[in-house]
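Numbering (my numbering) for the sequence shown: 1280 to 1502. Note that the Cβ used here is the ideal one computed from N, Cα and C, for glycine as well. All figures in this text were calculated on a predicted structure; none of them were measured in a lab.
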Amino acid sequence: MIEVREAVRLTGMVLKAVPSGEMDKRLVILTKERGKITAFARGARRPGSMLMACGRPFAFGQFTLYEGRDAYSLQSAEISNYFDELSMDVEGTCYGSYFLEFTDYYTRENMDGTAMLKLLYQSVRALLKPAVPNELVRRVYELKAMAINGEYTEKPPREVSDSANYAWEFVVLSPIEHLYTFALTDAVSQEFGRCVEINKKRFIDREFHSLDILKAMTGRRPL
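The following block contains the structure:
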């Protein structure tokens, strides 16, 4: 007897897309409902395939999939945002790629991915806003991601100015939708960034390849 599987419809964003075989792609998707999943897009590398456009990093929308024993099979997708504007900004793309890698580090299968997905989406959107410096977006994203996962200190890990202390508390406590609604002077932004970096070194035990590319691209040295 042939087992008929029901399709599931999940909201998510593609974190990774790598070739698989001659014509397929293996996707890593962060979903709201089931956390991080692996899905194969059959024939996605074939010219004219309906799955070609949705099988790329940053694609956000509704994915219809069949669940297998070890992975999902992508049937179709309705993408509401490809973040095409990001592809025209090399530095912004580097920051966004780092966010994808950082998100991949923190997320797991069969966990509620709502908060991390929302943070990722809002942070990539913030990269498209000229009024918010990319480096501030990065530090806000890092701290909020660590706070969501319970790896942070309630106060900055060193003595800082009142402004930097307020920024820290604002990021930790504010709803994700309100994160990118403040500005800092260059001096306070550097102060805030150093504290986030200390927090990262305390709680995160790995290096990120995309961060090395970002540092080479922007010419910024580690704090």
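Rounded to a whole number of angstroms, what is the C-alpha to C-alpha distance between residue i and residue j?
i: Ile1492; j: Pro1454; result: 30 Å
i: Glu1370; j: Ala1462; result: 20 Å
i: Lys1304; j: Asp1441; result: 49 Å
i: Val1411; j: Phe1337; result: 20 Å
i: Thr1343; j: Ala1394; result: 21 Å
i: Ala1318; j: Val1307; result: 6 Å
i: Thr1460; j: Arg1325; result: 42 Å
i: Glu1388; j: Tyr1420; result: 21 Å
i: Phe1471; j: Lys1315; result: 30 Å
i: Lys1296; j: Val1467; result: Looking at the sequence provided, one finds Ala at residue 1296 rather than Lys. Rounded to whole angstroms, Ala1296 to Val1467 spans 37 Å at the Cα level.
i: Leu1353; j: Ala1320; result: 5 Å
i: Leu1502; j: His1488; result: Note that Leu1502 has pLDDT 46, beneath the 50 cutoff, so the model's placement of it is unreliable and the number below is only indicative. Spanning the two alpha carbons is a distance of roughly 17 Å.
i: Trp1447; j: Gly1340; result: 31 Å
i: Glu1486; j: Thr1497; result: 18 Å
i: Thr1310; j: Asp1363; result: 20 Å
i: Ile1483; j: Arg1418; result: 14 Å
i: Ile1477; j: Val1450; result: 16 Å
i: Gln1469; j: Glu1456; result: 23 Å
i: Leu1490; j: Thr1372; result: 12 Å
Report back the beta-carbon spacing between residue i and residue j to the nearest angstrom; my notes put them in contact at under 8 Å.
i: Leu1294; j: Leu1379; result: 5 Å
i: Leu1365; j: Leu1407; result: 7 Å
i: Leu1398; j: Ala1424; result: 6 Å
i: Cys1333; j: Ala1356; result: 4 Å
i: Tyr1374; j: Val1416; result: 7 Å
Measuring alpha carbon to alpha carbon, tell me which of the options ends up nearest residue i.
i: Thr1464; options: Ile1477, Asp1484, Phe1449, Ala1443; result: Ala1443
i: Tyr1361; options: Phe1342, Ser1355, Thr1343, Arg1335; result: Arg1335
i: Glu1301; options: Ala1323, Gly1291, Thr1290, Leu1398; result: Ala1323
i: Val1475; options: Arg1485, Ala1426, Ser1489, Leu1458; result: Ala1426
i: Ser1376; options: Lys1315, Arg1348, Tyr1400, Arg1284; result: Tyr1400
i: Arg1331; options: Pro1298, Thr1310, Gly1314, Lys1311; result: According to the sequence displayed, residue 1331 carries Met and not Arg. Measuring from the Cα of Met1331, the nearest candidate turns out to be Pro1298.
i: Arg1481; options: Ile1308, Tyr1431, Trp1447, Glu1456; result: Tyr1431
i: Ile1358; options: Thr1290, Glu1486, Ala1405; result: Thr1290
i: Asn1428; options: Ala1296, Met1390, Met1329; result: Met1390
i: Arg1348; options: Arg1284, Thr1497, Val1450; result: Arg1284
i: Met1292; options: Tyr1374, Arg1321, Val1403, Met1367; result: Val1403
i: Asp1368; options: Phe1339, Arg1288, Asn1413, Gly1327; result: Asn1413
i: Glu1346; options: Ala1495, Thr1372, Arg1288, Lys1479; result: Arg1288
i: Arg1313; options: Gly1392, Ser1328, Gly1327; result: Gly1392
Could you name the residues that DSSP lists as bridge partners for residue i?
i: Asn1360; result: Phe1339
i: Tyr1351; result: Ala1318, Glu1346
i: Lys1304; result: Pro1298, Ala1320
i: Glu1388; result: Gly1314
i: Gly1291; result: Thr1310, Gly1340
i: Ala1286; result: Tyr1345
Does residue i come within less than 8 Å of chain D when only Cβ atoms are used?
i: Ala1332; result: The structure shown contains no chain D; it holds only a single protein chain.
Quick check: the stretch 1433-1441 against the stretch 1379-1391, are there 3 or more CB pairs under 8 Å? Output reads no: the stretch 1379-1391 does not touch the stretch 1433-1441.
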